[in-house]
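Going by my numbering, the first residue of the sequence shown is number 5, and it counts up by one from there. A short write-up of the structure that comes next.
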Amino acid sequence: MTEESGLQKIGVIGLAVMGENLALNIERNGFPVAVYNRSYERTASFLAGRAREKRFVGARTLGDLAAALEQPRRIIVMVKAGKPVDDVIEELRAHLQAGDVVVDAGNSHFADTDRRLAALEPTGIKFFGMGVSGGEEGALWGPSIMPGGDRLTYGHLEPVLTAIAAKTDTGPCVTYVGATSSGHFVKMVHNGIEYGDMQLIAEAYDLLRHGLGLSPAEIAETFAAWNEGELKSFLVEITAKVVDARDDQGTRKVLVDQILDRAGQKGTGKWTTQAALDLGVPIPTITAAVDARILSSMKATRVAGAKVYRGAPQPLRTGRHAAVAQVRAALYAAKICSYAQGFHLLGHASRELRYGVRLDEIARIWKGGCIIRAVFLDKIREAFARHAELPNLLLDRDFAREIRARVDDWRRTVLLGTRLGIPLPAMSASLAYFDSVRRERLPANLIQAQRDFFGAHTYERIDRPGIFHTQWSSVASEREGAHGRARPRR
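Encoded structure:
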């Protein structure tokens, strides 16, 4: 269409694959779109190709884009996070007025979203940070959408977002997430959980392949079978397809075996760990997954280490069928702990940062469209629907029952990896997290005593209120005088 066709309903800035696909999704669902890209050649190519004979207007400048939109203007920005977002906002704001809505739909850090909100507030321009998950296919056919910002302004966005979001039996995979930067914080945690999930699956694969000696075809069949039960999820589904896929570059070998074992990352997992540390929330499985990716990048060191400490894992020769069942149980239990950590972080951040996030709604909108979509998100939604202030998913009755039924197999699996020398950082971290949560008393009392000894950091007691400090050298001297100087045991 041409600009003479009238004002468009919504604008999209940025026509890389995600931006193009989201724009096509919006138009297909009944909302004419004005599009802008820094390079007009890209815009022209889009209009002549994928957008041909559809309800699109191409803008050469951001001023043209603003002029093509009905008021209040709704503009979705789909450019690389960081300075490019700031540059677009700075140039765009001169063409907008109070009440217009700008939505950053990239993977921006939540602190940047808060900064941009503060900068735009005096202008009356409404700013939203919106997480979008689902990759290229999700953007085109229905992603999971996590918008955060002003509650009343969300009304201008809701019809569009509801129409383009993925749909499940519990409704569109979009909700008003909460205030200020909540949308990008929730998306960040989604990606952190994704890191943990992928690492746990990779560890299960490593055990099956190198600990149990299963062939790629057998592993593909195993993951496909797992995807029919409690582990049913997008990541398990694609793993079943990936592990036995053949190289398309002529070797016809298993493609996974030809891929360099160095995992990339774009930073959202690291951000999740940093935010958790700042907020004082333990997420050891997610942090272990981030560490594992960093370790994978140390390829030269690992090659050298393999030469120094020779000895590849020797696969089990008996009991493989039982061991496969144990790995399945361990993977599910460890996943529960990983999601528990992510939701604990979301709940704590919502209170501390005054987001107003509903955890049952987050579980609901993650059921479809997004990368971590999984059947057991229904159970998470039900847990928080029963108890909105549930401090940890491990305390939910249903999840407690699920873990109790699998914990012995989980321990056997971690022991198997340890015995064979196969690293299970995320699976072990999940188990340690579970064992810590279920312990009424941890050895932190000793740490407090040590801190008080060398730094007079004080401590609390279990038998009386107050803050205490002990002159430990005097106590130690009295003990030695009463019992003789302590001697090391022979």
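Every residue gets a Cβ at the ideal spot worked out from N, C-alpha and C, and that includes glycine.
Which of helix, strand or coil does DSSP assign to residue 50? helix
Please look up how many angstroms separate the CB atoms of residue 77 and residue 70, rounded, as I've assumed it's under 8 Å. 6 Å
Using a 10 Å radius around the Cβ and a threshold of 16 neighbouring Cβ atoms, would you call residue 472 buried or exposed? exposed
Practice problem: Would you mind stating whether residue 169 and residue 128 have Cβ atoms separated by less than 8 Å? | Solution: no
Are three or more beta carbon pairs between the segment 280-298 and the segment 199-207 nearer than 8 Å? yes
- Task: Identify whether residue 103 lies in helix, strand or coil by the three-state DSSP scheme.
- Result: coil
| Contact check, residue 80 vs residue 39, beta carbons under 8 Å | no
For the beta strand (DSSP E) containing residue 63, name the first residue and the last one. 60-63
Practice prompt. Could I get the ranges of all uninterrupted beta strand (DSSP E) runs contained in the segment 132-158, with 3 residues as the minimum, in chain order?
Written response: 148-152
Exercise. Report the rounded CA-to-CA distance for residue 447 versus residue 453, giving the unit in angstroms.
Key: 10 Å
**Prompt:** Which residues share a DSSP beta bridge with residue 237?
**Reply:** 378
Which residue's Cα is closest to the Cα of residue 45: 56, 62, 37? 62
I'd like to know whether the C-beta atoms of residue 414 and residue 337 end up nearer to each other than 8 Å. yes
With residue 40 as the anchor, note down where its beta strand (DSSP E) starts and where it stops. 37-40
**Asked** In or out: residue 112 buried (at least 16 other Cβ within 10 Å) or exposed?
**Response** buried
key: As assigned by DSSP and simplified to three states, the class of residue 474   = coil
Self-check item: Cβ separation of residue 73 and residue 11, assumed to be a contact under 8 Å, to the nearest whole Å
Solution: 6 Å
Exercise for the section: Report yes if the CB atom of residue 366 is closer than 8 Å to the CB atom of residue 190, and no otherwise. Expected result: yes
Query - Per-residue DSSP class, three states only, for residue 174 - result: coil
Three-state secondary structure (DSSP) of residue 9
A caution first: residue 9 carries a pLDDT of 46, below 50, which makes its placement in the model unreliable, though a value can still be read off. Note: residue 9 maps to helix in three-state DSSP.
**Prompt:** Looking at the unbroken alpha helix (DSSP H) that takes in residue 273, where does it start and where does it end?
**Reply:** 272-283
**Report entry** First and last residue of the uninterrupted alpha helix (DSSP H) at residue 15
**Finding:** Careful: residue 15 lies outside any alpha helix (DSSP H), inside the beta strand (DSSP E) at 14-17.
- Kindly indicate which residue of 340, 159, 397 has the alpha-carbon position closest to the one of residue 430. 340
Below 8 Å on the Cβ atoms is my guess for residue 120 versus residue 93; work out the distance and round it to an integer in Å. 6 Å
* Helix, strand or coil: which one does DSSP assign to residue 491? -> Note that residue 491 scores a pLDDT of 39, beneath 50, so its modelled location is shaky and nothing firm can be said.
If I'm right that residue 172 touches residue 372 with Cβ under 8 Å, what's the distance once you round it to whole angstroms?
-> 4 Å
Exercise for review: Under 7 Å Cβ to Cβ from residue 230, same chain only, skipping five residues before and after it: list those, please.
Suggested key: 240, 332
Where residue 73 sits in the DSSP three-state scheme:
strand
For residue 400, count the other beta carbons within 10 Å of its own beta carbon; 16 or more makes it buried, fewer makes it exposed. Which is it? buried
Point to revise | When 41, 159, 164, 275 are compared against residue 35, the one with the closest alpha-carbon | key: 164
**Prompt:** If you draw a straight line from the alpha carbon of residue 5 to that of residue 83, how long is it in whole angstroms?
**Reply:** With a pLDDT of 38 at residue 5, under the threshold of 50, the modelled position of this residue cannot be trusted, and the question is left open.
Boundaries (first-last residue) of the beta strand (DSSP E) holding residue 79:
78-81
- Query: What span of residues does the alpha helix (DSSP H) with residue 125 cover, start to end?
  - Reply: Unbroken run through residue 125: none, as it is neither H nor E.
_Tell me the residue span of the alpha helix (DSSP H) that contains residue 112._
Element bounds for residue 112: n/a, residue is neither H nor E.
In three-state DSSP terms, what is residue 246?
helix
For residue 188, count neighbouring Cβ atoms within 10 angstroms of its own Cβ and tell me buried if that reaches 16, exposed if not.
-> buried
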